[in-house]
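Step one of this worksheet: look at the structure below.
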Amino acid sequence: MRTGHYIETYSTHVKLSDSRTVWHWIGILLLILVTFPILASNYFLALAITVFIAAIGAIGLNLLTGVTGLISLGQAGFLAAGCYTTGLLITDYSWPPELALLASGVMAALLSLVVGIPSLRLKGLYLAITTMAFSFIITHFLLYAEDITHGPYGVRIENLDFLGLDLSSPAQLYYLALAITVLTAVAALNILRSRVGRAFTAIRDHDIAARMMGISLTRYKLIAFVVSSFIVGIAGGLMAFQFQFINVDLFNLLLSVEALAMIIVGGLGSVPGAILGAIFIVLLPEATREVIDLLPSGITDLLSTYIYELRGLLTGLAIIIMLRLKPHGLIGLWQDVKRYWTHWPLSV
Amino acid sequence: MDLLLNLIASGLVIGSIYGLIAVSFAIIFKTTGVLNFAQGEVMMLVAYLSWSLGNALPLPFPILILASIIVAAIVGVLTERLVIRPMIGQPIFTIVMVTIGLAATLRSGIHMIWGVDAESFESSISGGLIEIGPVVLYSEQLAAIILFFTVSATVYLFFRFTRVGVAMRATAMDETSALLMGVDVRRVSALAWAISAIISGLAGITFSIMFSRAPDIWFQGLRSFPATILGGLDSPIGSGFGGLIIGVIGELSEGYIGHGLKEISGFIVIIVVLMIKPYGLFGEKELERV
Chain A
1 MRTGHYIETY
11 STHVKLSDSR
21 TVWHWIGILL
31 LILVTFPILA
41 SNYFLALAIT
51 VFIAAIGAIG
61 LNLLTGVTGL
71 ISLGQAGFLA
81 AGCYTTGLLI
91 TDYSWPPELA
101 LLASGVMAAL
111 LSLVVGIPSL
121 RLKGLYLAIT
131 TMAFSFIITH
141 FLLYAEDITH
151 GPYGVRIENL
161 DFLGLDLSSP
171 AQLYYLALAI
181 TVLTAVAALN
191 ILRSRVGRAF
201 TAIRDHDIAA
211 RMMGISLTRY
221 KLIAFVVSSF
231 IVGIAGGLMA
241 FQFQFINVDL
251 FNLLLSVEAL
261 AMIIVGGLGS
271 VPGAILGAIF
281 IVLLPEATRE
291 VIDLLPSGIT
301 DLLSTYIYEL
311 RGLLTGLAII
321 IMLRLKPHGL
331 IGLWQDVKRY
341 WTHWPLSV
Chain B
1 MDLLLNLIAS
11 GLVIGSIYGL
21 IAVSFAIIFK
31 TTGVLNFAQG
41 EVMMLVAYLS
51 WSLGNALPLP
61 FPILILASII
71 VAAIVGVLTE
81 RLVIRPMIGQ
91 PIFTIVMVTI
101 GLAATLRSGI
111 HMIWGVDAES
121 FESSISGGLI
131 EIGPVVLYSE
141 QLAAIILFFT
151 VSATVYLFFR
161 FTRVGVAMRA
171 TAMDETSALL
181 MGVDVRRVSA
191 LAWAISAIIS
201 GLAGITFSIM
211 FSRAPDIWFQ
221 GLRSFPATIL
231 GGLDSPIGSG
241 FGGLIIGVIG
251 ELSEGYIGHG
261 LKEISGFIVI
271 IVVLMIKPYG
281 LFGEKELERV
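Going line by line, the protein sequences match chains A and B.
Read in the working numbering, the first sequence has 233 at position 233, and its numbers run on one by one without any break.
Read in the working numbering, the second sequence has 71 at position 71, and its numbers run on one by one without any break.
Printed below as a string of structure tokens:
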């Protein structure tokens with residue numbers, strides 16, 4: 001029986017994972033993900049791309065809200081900023097898509113400074129409201145500044161050629177989204193095991209103590225804002241690639257709430273948690289639709305009329321139930337199961 | 001000049017609604033430290049229930065309002081009992097997240113039950129035109145303003161002079177000491193939720209009478225955040241007057257600048273206010289500098 005897992009040196013402690021098994025499973029998972037487009041239909045590919053984009057956004061939000069403890073209800077605003085930056089740069093200014101995608105991250109990061117600097121004086125609830133206000137202002141700007149953003153007409157993006165990939169084909173977009181998700185996850189994990197990541201956690205757990213330990217709150221809160229928004233902006237840029245027609249209506253408050261639901265359901269502060277949460281929240285309405293189809297046809301018709309409402313209802317319930325029963329999220333559940341197995345039959 | 005006065009008047013009307021919702025935010029925040037993101041949805045639920053009640057039974061308007069107040073109190077207590085009470089002892093962050101989840105649940109639930117069509121809310125107080133100098137108001141608009149001032153005065157007197165009001169203020173100040181002095185803290189929390197559901201419910205009914213019982217009235221809840229931030233989250237009366245200010249600013253900016261500024265002027269105002277005076281005009285300053 002295993003008695004415990006001992007970490008003896010500092011370098012093992014900060015390793016991404018010191019378990020050979022974990023690396024093997026990650027290799028197998030990546031192999032499955034790479035071969036997925038060969039077997040899957042376009043419907044499943046589109047779903048997988050949505051999951052990847054959601055996962056990137058959730059990892060970004062998690063760095064800010066889960067790790068640093070700064071609640072943001074402005075996710076939709078940053079996504080919109082990223083999405084429109086990519087779309088408009090490609091359509092109106094004929095930028096290459098590669099640069100436009102990068103620019104969407106930079107744009108979101110710059111905008112985050114606009115909210116970030118005033119919110120240095122704010123904590124908790126006030127910050128949640130400021131970020132929400134900010135996202136309303138962004139969508140309002142997008143709707144009314146018609147000369148720049150096409151206003152209510154939306155933006156259509158055509159002929160996307162990204163480093164030789166033709167993004168109008170779902171399989172090629174899938175590979176791009178997969179690559180960026182892996183890059184984001186690795187980057188976030190590396191941030192978390194560095195000085196910056198530990199400073200974030202310290203600020204979340206006790207900001208006054210963190211300051212006593214010599215952590216500059218101004219600096220690290222701003223870093224958290226910039227890094228998180230950069231990632232969210234990139235996710236927004238990918239949304240532009242996926243939809244190819246973008247419109248302000250995509251970026252409503254439900255999107256911000258869903259983003260929060262992802263990190264809560266997955267597990268606050270954990271990168272694999274954010275990915276699990278994204279999978280859960282994206283697939284939840286789809287799975288429900290499958291279940292509904294099995295019900296008697298009267299109920300099916302009734303519920304399919306309200307599919308958008310059902311999505312909101314399930315998201316809300318997921319948040320309430322998870323916080324009530326499993327505050328550590330799906331990743332906490334997984335750890336409990338793992339502990340149970342390794343300690344069996346002595347587990348409690 | 002007439003335009004200015006009329007804009008100010010309609011600003012005060014919509015500001016009264018913001019103010020009423022902001023008062024309900026502040027009552028919950030002051031007594032329990034929770035910011036209820038579902039306030040707009042609670043208001044919507046009460047308005048819808050009251051509309052259905054009015055359609056089902058031919059009640060005279062005052063009786064309908066009384067019945068709605070009872071319904072609202074039940075809604076408030078049930079929310080507190082079912083959703084908030086089990087979360088006691090969790091960090092505020094978690095409880096606020098729960099209210100965000102509750103908001104999404106309630107909103108979608110209401111849409112599924114009542115559908116997404118707007119209906120008019122008939123009442124005996126609507127329809128009359130009232131002229132005050134150059135300003136022309138509908139009678140239901142004037143009723144909104146009167147309701148706001150009545151509620152504000154009642155809330156002020158309640159917190160200032162009644163035993164329960166003092167107990168609620170004591171709980172807000174220091175929960176443990178209040179408990180030791182014999183205040184039933186749990187009942188105070190339920191009471192705060194009931195009172196704020198009543199106040200925002202009345203705001204919802206008034207709003208529905210002025211416009212219609214529409215599926216997007218929950219958004220008034222979010223629009224009222226600027227009001228409560230401006231007035232100070234822990235000051236019910238301040239929040240209320242914050243609502244009037246935000247309402248007037250919204251109408252003036254729409255009237256003189258345009259571009260749909262009515263929708264977001266409040267949000268611009270709070271970003272500026274939070275930069276200059278983070279605890280609002282009337283809020284208590286926390287002595288903690290980080």
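For glycine and all other residues, C-beta sits at the position ideal for the given N, C-alpha and C.
For residue i, count neighbouring Cβ atoms within 10 angstroms of its own Cβ and tell me buried if that reaches 16, exposed if not.
{"i": "I319/A", "result": "buried"}
{"i": "L287/B", "result": "Note that L287/B scores 45 on pLDDT, short of 50, meaning its location in the model is unreliable and no value can be drawn from it."}
{"i": "R20/A", "result": "exposed"}
{"i": "R289/B", "result": "Below a pLDDT of 50, predicted positions are generally treated as unreliable, and R289/B, at 42, falls in that range; the measurement from the model is reported next regardless. So R289/B ends up on the exposed side."}
{"i": "L157/B", "result": "exposed"}
{"i": "W218/B", "result": "buried"}
{"i": "D357/A", "result": "This structure does not reach residue 357/A, given that chain A is present from 1 up to 348, and the question cannot be answered."}
{"i": "H111/B", "result": "buried"}
{"i": "T150/B", "result": "exposed"}
{"i": "I193/B", "result": "Position check: residue 193/B holds Trp in this sequence, whereas Ile was assumed. The residue is buried, with at least 16 neighbouring Cβ atoms inside 10 Å."}
{"i": "D2/B", "result": "exposed"}
{"i": "R213/B", "result": "buried"}
{"i": "R219/A", "result": "exposed"}
{"i": "W51/B", "result": "buried"}
{"i": "M107/A", "result": "buried"}
{"i": "L30/A", "result": "exposed"}
Is residue i close to the ligand SAH? I mean its beta-carbon at under 7 Å from any heavy atom of the ligand.
{"i": "S228/A", "result": "By its list of ligands, the structure shown contains no ligand whatsoever, and the ligand SAH lies outside what it can speak to."}
Considering residue i, what are the terminal residues of the beta strand (DSSP E) in which it resides?
{"i": "Y153/A", "result": "Looking at the DSSP string, Y153/A is not in any beta strand (DSSP E), and its letter there is neither H nor E."}
{"i": "E131/B", "result": "129-132"}
{"i": "Y138/B", "result": "135-138"}
At least one CB of chain B closer than 8 Å to the CB of residue i: is that the case?
{"i": "H328/A", "result": "no"}
{"i": "Y126/A", "result": "yes"}
{"i": "R219/A", "result": "no"}
{"i": "R324/A", "result": "yes"}
{"i": "L222/A", "result": "no"}
{"i": "L333/A", "result": "no"}
{"i": "G214/A", "result": "no"}
{"i": "P118/A", "result": "yes"}
Is any beta-carbon of chain A found at less than 8 Å from that of residue i?
{"i": "M43/B", "result": "no"}
{"i": "L274/B", "result": "yes"}
{"i": "L287/B", "result": "For L287/B, the predicted model reports a pLDDT of 45, less than 50, meaning its position is unreliable; a value from the coordinates is still stated below. No - not a single Cβ of chain A is within 8 Å of the one on L287/B."}
{"i": "F207/B", "result": "no"}
{"i": "F267/B", "result": "yes"}
{"i": "I229/B", "result": "yes"}
{"i": "V290/B", "result": "The pLDDT assigned to V290/B is 39, lower than 50, so where the model puts this residue is not dependable; a value taken from the coordinates is nonetheless given after this. With 8 Å as the cut-off, V290/B counts as an interface residue toward chain A."}
{"i": "L252/B", "result": "no"}
{"i": "I65/B", "result": "no"}
{"i": "E263/B", "result": "yes"}
Can you tell me where the alpha helix (DSSP H) holding residue i begins and where it ends?
{"i": "Y10/A", "result": "10-14"}
{"i": "L284/A", "result": "271-294"}
{"i": "T228/B", "result": "225-231"}
{"i": "I268/B", "result": "261-276"}
{"i": "K338/A", "result": "329-343"}
{"i": "D301/A", "result": "297-305"}
{"i": "I257/B", "result": "Element bounds for I257/B: n/a, residue is neither H nor E."}
{"i": "S256/A", "result": "253-266"}
Chain-ordered residues of the stretch 81-110 of chain B with a beta carbon less than 8 Å from chain A: So the close ones are V83, P86, M87, Q90, I92, F93, T94, V96, M97, V98, I100, G101, L102, A103, A104, T105, L106, R107, S108, G109.
Could you name the residues of the stretch 289-309 of chain A whose beta carbon sits closer than 7 Å to any beta carbon of chain B, in the order they occur along the chain? Within the stretch 289-309 of chain A, the residues whose Cβ lies closer than 7 Å to some Cβ of chain B are Y306, E309, listed in chain order.
Taking a cut of 7 Å between CB atoms, which residues from the stretch 41-74 of chain A lie near chain B? Against chain B - using a Cβ distance shorter than 7 Å - the residues of the stretch 41-74 of chain A are I71.
If contact means a Cβ-Cβ distance below 8 Å, which residues of the stretch 128-162 of chain A contact chain B? Under the 8 Å Cβ criterion, the stretch 128-162 of chain A contributes A128, I129, T130, M132, A133, F134, F136, I137, H140, L143, Y144.
Counting pairs of Cβ atoms below 8 Å between the stretch 275-289 of chain A and the stretch 121-134 of chain B, do you hit three or more? Three or more Cβ pairs closer than 8 Å define a contact, and the stretch 275-289 of chain A falls short of that threshold against the stretch 121-134 of chain B.
Using a Cβ-Cβ cut-off of less than 8 Å, list which residues of the stretch 256-288 of chain A approach chain B; keep chain order. Answer set for the stretch 256-288 of chain A: V257, L260, A261, I264.
Check whether the stretch 258-266 of chain B and the stretch 38-54 of chain B touch, using three or more Cβ-Cβ pairs below 8 Å as the test. The answer is no - the stretch 38-54 of chain B does not touch the stretch 258-266 of chain B, with fewer than three Cβ pairs under 8 Å.
Is the number of C-beta pairs between the stretch 255-265 of chain A and the stretch 93-104 of chain B that are closer than 8 Å three or more? Contact holds: three or more Cβ-Cβ distances are below 8 Å.
Are there three or more Cβ pairs, one per stretch, closer than 8 Å when the stretch 49-56 of chain A is compared with the stretch 233-242 of chain A? The stretch 49-56 of chain A is in contact with the stretch 233-242 of chain A.
Given a limit of 9 Å on CB to CB distance, which residues of the stretch 70-81 of chain B reach chain A? Of all residues in the stretch 70-81 of chain B, none has a Cβ within less than 9 Å of some Cβ in chain A.
Do the stretch 138-153 of chain A and the stretch 22-39 of chain A meet, that is, are 3 or more Cβ pairs less than 8 Å apart? No: fewer than three Cβ pairs fall under 8 Å.
To be precise: take each residue of the stretch 195-225 of chain B, compare its Cβ to all Cβ atoms of chain A, and keep it if any distance is under 8 Å. Which residues remain? Residues L222, F225.
Three or more beta-carbon pairs under 8 Å between the stretch 189-204 of chain A and the stretch 58-76 of chain A, yes or no? Output reads yes: the stretch 58-76 of chain A touches the stretch 189-204 of chain A.
Count Cβ pairs between the stretch 294-306 of chain A and the stretch 129-143 of chain B that sit closer than 8 Å; are there 3 or more? Taking 8 Å as the limit for Cβ pairs, the verdict is that the stretch 129-143 of chain B does not touch the stretch 294-306 of chain A.
So does the stretch 189-206 of chain B actually touch the stretch 67-81 of chain B, counting three or more Cβ pairs closer than 8 Å? Output reads yes: the stretch 67-81 of chain B touches the stretch 189-206 of chain B.
Report the residues of the stretch 7-26 of chain B with a CB closer than 7 Å to any CB of chain A, ordered along the chain. Per Cβ criterion, the list is empty.
Is the stretch 58-66 of chain A close to the stretch 263-271 of chain A, with three or more CB pairs under 8 Å? They touch, by the three-pair rule.
At a cut of 8 Å, does the stretch 73-83 of chain A reach the stretch 210-220 of chain A through at least three beta carbon pairs? No: the two stretches stay apart, fewer than three of their Cβ pairs being nearer than 8 Å.
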